[in-house]
Amino acid sequence: MKTRVEYSSKLMSMKATLSVIGCGYLGATHAACMSSLGFSVIGVDTDPTKVAMLSRGELPFYEPGLDTLLAQEVASGRLTFTTDFASLADIDIHFICVGTPQSKDSLAADLTYVKSAVEAIAPYLKDGALVVGKSTVPVGTAQSLRERLEQLAPQADLAWNPEFLREGFAIEDTLRPNRLVVGVTNDRTEEILKDVYEPILALGTPWIRADLPTAELVKVAANSFLATKISFINAMAEVCEAAGGDVTVLAKAIGYDPRIGSRFLQAGIGFGGGCLPKDIRAFMARAQELGAEQALEFLREIDAINLRARQRVIDVVRGDLSDDLTQYKIAVLGATFKPDSDDVRDSPALDISAQLHAAGAHVVVHDPKGIEPARKRFPDLTFAESVNECVKDADLILHLTEWKEYRALDPVLIAGLVKSKLIIDGRNALDRELWRSAGWKFHALGRSD
Ligand code: UGA
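Using the working numbering, the first residue of the sequence shown is number 2, and each one after it goes up by one.
If you want it as structure tokens, here you go:
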């Protein structure tokens with residue numbers, strides 16, 4: 002990547018300042034990364050506690066490397082945070098990075114935050130200002146926001162620039178993405194965005210110009226495809242279980258075909274998090290509004306297969322222990338929806354833990370980063386600060402989030418702590434032979450014994 006000094010974009014030579022509206026996962030990452038490219042960045046958020054933390058260079062969530070980058074950019078003076086939209090008055094380019102969670106009463110996305118971000122910034126938009134949406138939104142949202150801006154601030158323009166970052170790889174995916182997609186309605190807007198992303202484009206990153214609806218659709222189509230891949234392999238796991246096959250061997254074998262590819266074929270308890278589940282549901286809801294519900298009928302099945310994976314692991318637990326779980330201690334390794342994150346939103350691991358707890362089992366959960374957020378969500382669960390404490394006297398270990406430290410556990414040492422040497426690998430990530438050779442009864446989803 003070019004260094005800051007070599008960076009030649011027009012915006013940079015004008016010392017352009019960018020704003021980032023919404024400083025959650027996406028916004029905080031985008032703000033710190035844009036600052037690291039040399040821009041001055043003002044992040045704005047309505048939550049004063051979050052703004053105070055970020056202003057001190059402290060990250061309110063866990064993301065590898067982002068804490069250091071944030072602290073460094075805040076210390077450089079280029080990156081600041083505020084709750085005051087009026088501070089954005091002189092800025093040319095504003096990125097909207099607020100959340101679009103699932104609505105409380107339907108499958109649709111809740112657009113309250115996106116809409117209020119546009120309302121809040123509108124009075125401060127200068128002549129020629131550009132508002133760039135990055136949040137994941139139902140198709141048609143950008144056009145309706147554009148129409149709203151025409152009423153509130155006709156001097157400004159709006160573009161959509163979906164984000165594809167994965168938790169755990171947020172910096173890498175922002176600064177070295179595998180593509181940049183921009184939904185624009187004119188050449189000037191495209192040129193401005195090319196200028197913003199010049200150092201990233203200089204790496205040879207593919208640039209895709211689209212219209213507004215296509216840009217919005219690219220994002221949900223990508224997440225739907227990823228969800229489909231995961232549910233496909235989990236469906237194969239179900240068939241393997243019924244037929245006596247091994248889904249891990251099957252995944253490896255089909256993955257060698259480059260048309261299929263081996264990634265996102267890890268069978269287990271399925272997908273969770275703040276994106277895939279709510280995005281496929283919001284996509285179905287939007288398709289229905291558009292009269293295209295039949296086209297996305299398959300996503301209903303993708304969702305069902307995914308939720309069934311959680312139930313299947315509970316069935317294996319009952320099969321291994323008993324229908325009545327009240328006498329058993331179950332040690333759960335992992336609470337977050339995936340490793341290298343402290344995010345427990347729609348976490349399969351936590352959902353399974355809560356269901357086992359509700360069924361009367363004594364569930365003790367460990368996670369390297371997610372205990373506090375998990376405790377907030379499920380205060381009735383018991384949490385352990387160490388793996389040893391978690392597994393002590395357990396009748397069963399359930400491995401539900403594939404943190405590196407769990408793969409490094411020594412089954413011989415752990416055997417000395419538990420009541421029964423019984424483990425279920427809900428992520429197909431542990432070395433089965435290693436555990437078996439240490440005398441463990443080892444079960445995994447999609448693998449016959
Ligand atoms: C996902 C997409 O991968 C990003 O490209 C997208 O930008 C992001 O959503 C978003 O919309 O903001 P993320 O939610 O961080 O990113 O997580 P993923 O890495 O996609 O994993 C999602 C879930 O699928 C996790 O629970 C993971 O454990 C599960 N998974 C993943 C599997 O069960 N099997 C696999 O083979 C892969």
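Built from N, CA and C at the ideal position, the CB exists for glycine as well. Remember, it's a predicted structure, so these values are computed and weren't measured experimentally.
Look at GLY134 here: in three-state DSSP terms it is strand.
Ranked by how close their Cα comes to the Cα of VAL364, the residues SER449, ALA395, ILE415 have ALA395 in first place. The C-alpha of GLY274 lies about 27 Å from the C-alpha of LEU146. Cα atoms of ASP174 and THR327: separation of roughly 45 Å, rounded to the nearest angstrom.
Selection VAL182, ARG408, GLY417, GLY335 evaluated against PHE384 yields GLY335 as nearest (Cα-Cα). Separation of ASP258 and VAL250 (C-alpha to C-alpha, rounded to the nearest whole angstrom) is 14 Å.
Contact check for ALA216 and TRP161: beta-carbon distance about 4 Å, within the 8 Å limit, so the pair qualifies. The criterion of a C-beta distance shorter than 8 Å is satisfied by ARG428 and LEU401. If you check the CB distance, GLY129 and ASP93 come in under 8 Å. Per DSSP, the beta bridge partners of GLN103 are ALA110. For the pair of segments examined, the stretch 264 to 271 was found not to touch the stretch 109 to 127: the number of CB pairs separated by less than 8 Å stays below three. THR186 carries a coil assignment under DSSP once its states are collapsed to helix, strand and coil.
In the structure shown, LYS330 adopts extended strand secondary structure according to DSSP, grouped into three states. Using a cutoff of 7 Å, the CB of ALA72 does not count as near the ligand UGA, since none of the ligand's heavy atoms is closer than that. By the neighbour-count criterion, in which a residue is buried when 16 or more other Cβ atoms sit within 10 angstroms of its Cβ, LYS330 is buried.
A Cβ-Cβ contact shorter than 8 Å links THR30 with GLU64. The C-beta of LYS220 has 16 or more other C-beta atoms within 10 Å across all chains shown, which makes the residue buried. In terms of CA proximity to ASP343, LEU60 leads the group ARG79, LEU60, ASP91, ASP325. Straight across, the Cα-Cα distance linking ARG448 with LEU397 is about 18 Å.
For VAL140, there is no enclosing beta strand (DSSP E), as DSSP marks it with neither H nor E. Residue state for GLY269 is assigned as coil, using DSSP reduced to three classes. The C-beta separation of ASP368 from ALA362 comes to about 18 Å, leaving the pair out of contact by the 8 Å criterion.
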